[in-house]
Amino acid sequence: MRGSICPEFPITSIGWSLSCSNTNGKIFVAANIAGSVGFATSGTFSTIQFGGNDLLLYSFDEFGNRIWSTYYGGSGDEFYFSIKSNKLGQSFVSGFTTSSTGMVTAGAHKSTATGLDGFIAKFDSTGNRIWGTYFGGNNYDSIWNLELDTSNNIYICGTTNSTTGIATTGAYQTVGSQTAPKAYISKFNALGVRQWGTYYGGNLKSKGTQLAIDLNGNIVLAGTTNSTTGIATANTSQTTLTGVYNAFLAKLNPSGTARLWGTYFGGNKSEIINDVFINQVDEIYITGETISTTGFATPGAHQTVGNTNYSNSFIAVLSPYGGMPVTWESFEVNAFNDNSITKAILNWNTASESNNDYFTIERSYDAENFESIGSIKGAGNSNKLSRYSFKDELPFKTVQANQEVYYRIKQTDLDGKFDYSQVRKLSLQESQIPIKIFYQNNQPIIDWGTNQSENCQLELINLAGQIVWQTNINSANQFTQTPITYKGMEGIYLLRIKASTHEECFKIIVE
């Protein structure tokens, strides 16, 4: 396990933490170990164990053969480790410790422990320590993750109750709390010299669990919190706490002096983020665990219902701005009859939008080669339901009967990045029900032309794709006209007529 759902989970077990880093085919592993001997190789930093619960570092080649291994620890206990490596085969490890000796080198950032502190150490390619330091202030401090950038600068995050020793002058957040522990980020250079540090948190508890660095050097911090203030910014994926402990993400600038955005992420109970990855277009991928049962999965996802008896794993993608670019609520395509010409109407809804510029409607006759047939401006940033509709004016009578036509929606962000909806298929058929729609005293009426000889189901569908009125027609009635008796909201609706072997859709106006 890389964490627990509750931030107060006591660390009492050993051998439960495992991290890997893969560089040039080499694998670096860090794990807790206690009461064991014979794991270390000669010529490394230490071949003997120091305290009750130490760190054991391994380096393996690409075939799984051990290159070297060493113990690392002090007079007390070391917990929960993160390990990363660079192209030189050097490794960087972090965690937190109760040891008062054996953890630092001369000239370290912090050379004296104050209770439970974080630690950072750098090792060379042969398993020998280059430098080591404590990290923390006047109270409880822990390091939960470590990341490297392309210049081998080190970024750490975790949680702290300290009010000193964490933040630097001019940082985004400089005030800590002993009663409401905060997350933090700190940057060190490759020599172990701190460059800056900042708190991140609100009115209650926050813990930083993961970090990632984007191509511009911005830092994405992930964690878990029960704070109701100080976490989220406007127009992001989730602006309020909805559970007991929700996950959170925040993006800070490269100098740690400004927050670019922040968002909660979660449902009705609790979440923790176990990993963060940023791709080449700065989209943010997260994985973790949740015990939430509502408010979590998006429509059409692989699994939309969580297990109520156990925690569930999750994966999600957010835009570079802290939201899901567009959360699709629905997308439907229906045919309708317009003056004896069959056309198509596309209706789609979004549950939320983040920096959405516009939608492009695309059509294809082979599901492979799509062409643009129009566009509609998006809502920009929105956390409420947005409805869209587009009518394809192509005269379908020029298309062979029974041919299939395909539609998709291309969504484009304000910065030019884009994504696609699912593809919807529409089968075009020659009209098999010779009917017309006319209005009498503003009431739509179906004129069947000749006596109806089939059982039919009538459905009235609003532009949100919802059936608001329906009735069944019995062939024994031998009727020629059927009034639409719906008394709801005025507007444009689709009338769908289902017979035993076919169906038709018509656009009507309800006044």
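Mapping of the sequence shown onto the working numbering: residues 1 to 511, in sequence order.
For each residue, glycine too, the CB sits at the ideal point set by N, CA and C.
- Task: Identify whether P320 lies in helix, strand or coil by the three-state DSSP scheme.
- Result: The residue you call residue 320 lines up with position 320 of the sequence shown. Correct three-state label for P320: coil.
- Item | Inter-residue spacing [alpha-carbon to alpha-carbon] between S69 and F60 | As a working mapping, residue 69 is identified with position 69 in the sequence shown. As a working mapping, residue 60 is identified with position 60 in the sequence shown. Going from the Cα of S69 to the Cα of F60 covers about 9 Å.
- Query: If you count every other CB in all the chains shown that lies within 10 Å of the CB of T179, and 16 or more means buried, which is it?
  - Reply: If you number the sequence shown from 1, residue 179 lands on position 179. Label assigned to T179: exposed.
- Message: Could you pull the DSSP bridge partners for Q411 from this structure?
- Response: Against the sequence shown, residue 411 aligns to sequence position 411. For Q411, which the question treats as bridged, DSSP gives the partners F359 and D419.
- Counting only the same chain and skipping the five closest in sequence on each side, list residues whose C-beta sits under 8 Å from that of G15. Residue mapping note: residue 15 aligns to position 15 of the sequence shown, counting from 1. Any reading at G15 must be qualified, since the residue scores a pLDDT of 44, below 50, and its modelled position is unreliable; no value is offered.
- Item | K207 versus S382, Y365 and N145, residue with shortest Cα-Cα distance | Along the sequence shown, read from residue 1 onward, the residue named residue 207 stands at position 207. Answer by Cα proximity: N145.
- Proximity to N279 [Cα-Cα], best of L191, A379, V317 and V468: For the purposes of this step, residue 279 is taken as residue 279 along the sequence shown, with counting starting at 1. Closest by alpha carbon: V317.
- Item | Burial state of L56, where buried means 16 or more other Cβ atoms lie within 10 Å | Numbered from its first residue, the sequence shown carries residue 56 at position 56. With 16 or more other Cβ atoms within 10 Å, it is buried.
- Item | Minimum length 3: unbroken beta strand (DSSP E) runs contained in the region 48–132 | 54–60, 66–72, 78–85, 91–97 and 117–123
- Neighbourhood of S431 by C-beta distance below 6 Å, restricted to the same chain and skipping five residues each side: On the sequence shown, position 431 is the one that residue 431 refers to. Low per-residue confidence applies at S431: pLDDT is 46, beneath 50, and the placement is therefore not dependable, though the value from the model is reported in the following sentence. Here the set comprises nothing.
- Message: For V305 and A247, what's the separation of their Cα atoms in angstroms?
- Response: The sequence position of residue 305 within the sequence shown is 305, counting from 1. The sequence position of residue 247 within the sequence shown is 247, counting from 1. Distance between the alpha carbons of V305 and A247: 19 Å.
- Query: For Y140, which of helix, strand or coil comes out of DSSP?
  - Reply: As a position in the sequence shown, residue 140 is number 140, starting the count at 1. It is coil, neither helix nor strand.
- Message: Taking its Cβ as the centre, do 16 or more other Cβ atoms sit within 10 Å of K425, making it buried, or is it exposed?
- Response: Position 425 of the sequence shown, counted from the start, is the residue given in the question as residue 425. Classification for K425: exposed.
- Message: If you measure between the beta carbons of L553 and C157, is that distance less than 9 Å?
- Response: Outside the displayed range of the chain (1 to 511) lies residue 553, so it cannot be described from this structure.
- Query: Of the choices V220, T239, F390 and N153, whose alpha-carbon is the least far from that of T228?
  - Reply: Taking the first residue of the sequence shown as position 1, residue 228 is located at position 228. The option with the nearest alpha carbon to T228 is T239.
- Query: Secondary structure at I273, three-state DSSP: helix, strand or coil?
  - Reply: Here residue 273 corresponds to residue number 273 of the sequence shown, with the count starting at 1. In this structure, I273 counts as strand in the three-state DSSP scheme.
- Message: Y140 and G115 - do their beta-carbons sit closer together than 9 Å?
- Response: As a first step, residue 115 is located in the sequence shown; it is residue number 115 there, counting from the start. As a first step, residue 140 is located in the sequence shown; it is residue number 140 there, counting from the start. It is a contact, given that the beta carbons lie within the stated cut-off.
- Item | Euclidean distance between Cα positions of V244 and Y264 | Translated into positions along the sequence shown, residue 244 becomes position 244. Translated into positions along the sequence shown, residue 264 becomes position 264. Spanning the two alpha carbons is a distance of roughly 12 Å.
- Three-state secondary structure assigned by DSSP to R259: Within the sequence shown, numbered from 1, the residue matching residue 259 stands at position 259. If DSSP states are grouped into helix, strand and coil, R259 belongs with the strands.
- Message: Using a 10 Å radius around the Cβ and a threshold of 16 neighbouring Cβ atoms, would you call P325 buried or exposed?
- Response: To locate residue 325, count along the sequence shown from 1; it is residue 325. Its Cβ being crowded by 16 or more others within 10 Å, P325 is buried.
- Could you tell me which residues DSSP puts in a beta bridge with A190? Here residue 190 corresponds to residue number 190 of the sequence shown, with the count starting at 1. According to DSSP, which records beta bridges pairwise, A190 is partnered with nothing at all.
- Message: Considering only their Cβ atoms, is the gap separating T257 from E271 smaller than 9 Å?
- Response: The count along the sequence shown starts at 1 and reaches residue 271 at position 271. The count along the sequence shown starts at 1 and reaches residue 257 at position 257. Not a contact, by the Cβ cut-off of 9 Å.
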